[in-house]
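Quick notes on the structure that follows.
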Amino acid sequence: MTSLEELYANINQGENVNEITEQLLNFYEDPQSICEILEIISTNQDKSIRMQAAIQLQYPLKKNWEKICNDPMSIEIKSSILTVLSNEPLMHVRKNILYSMSFIVSQQCPWPELQQFILQLFEQNDQIQTETALNVLY
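For the sequence shown, this note's numbering assigns the number 2 to the initial residue and increments by one for each residue that follows.
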């Protein structure tokens, strides 16, 4: 378990919330934190940690997106968001990813892969994927 995963686990248990929040806010100053959060959502088996990571994703995105929007790192991040969104089995985790994703869309940063992603979700004829596609459009 990474130190970030440990912090999320401790927040979920209500331990040292103020101290952990301060540590997280400092950690989120680094744009690379976005990639680390996406990795947790992608790989962690504990749904409560994935949920906390999905909730927290919005903070480093809002803090750093303007700096990295035109950076090659943003392409990797957008691709990772689409991957974790399509692979996440729990809708409440997906909805938090979608909430964070909406910030990127609102910033008018080009994301040509998004339209193709939505079409692919609809083509799968799967209720969860269709609901995800509709939420992306909303």
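Just so it is clear, CB atoms sit at the ideal spot from N, CA and C, and this is done for glycine as well. The structure displayed is predicted, hence computed values, not measured ones.
Buried or exposed by the 16-neighbour rule on C-beta atoms within 10 Å, applied to residue i
i: L26; result: exposed
i: L163; result: A query on residue 163 cannot be resolved here, the shown segment of the chain reaching from 2 to 139 and no further.
i: N88; result: exposed
i: V94; result: buried
i: K79; result: buried
i: M52; result: buried
i: M2; result: exposed
i: T22; result: exposed
i: S101; result: buried
i: S34; result: buried
i: Q57; result: buried
Own chain partners of residue i with C-beta closer than 7 Å, once the 5 adjacent residues on each side are dropped
i: L138; result: I119
i: P6; result: A small correction: the amino acid at residue 6 is Glu; Pro does not occupy that position in the sequence shown. I41, N45, I50.
i: A55; result: I42, V94, N97, I98
Cβ neighbours of residue i in the same chain (closer than 6 Å, five flanking residues each side left out)
i: L39; result: S81, V85
i: P32; result: N65, I69
Spatial neighbours of residue i in its chain, beta-carbon cut-off 8 Å, leaving aside the 5 residues before and after
i: N136; result: R95, K96, L99
i: E67; result: Q108
Supposed close pair residue i, residue j - CB separation, criterion 8 Å
i: L122; j: Q130; result: 4 Å
Near the ligand SAH: residue i beta-carbon under 6 Å from a heavy atom
i: Y60; result: With respect to the ligand SAH, the structure shown offers nothing to examine, as it has no ligands at all.
Segments of 3+ residues assigned as beta strand (DSSP E) that fall wholly inside the stretch 81 to 128: none
Sequence ranges, beta strand (DSSP E) only - wholly within the stretch 16 to 40, length at least 3: none
Segment contact, 8 Å Cβ cut-off, at least three pairs: the stretch 114 to 125 with the stretch 66 to 74: no
Cβ contact (3+ pairs, closer than 8 Å) linking the stretch 58 to 66 and the stretch 10 to 24: no
Minimum length 4: unbroken alpha helix (DSSP H) runs contained in the stretch 51 to 77: 59 to 69
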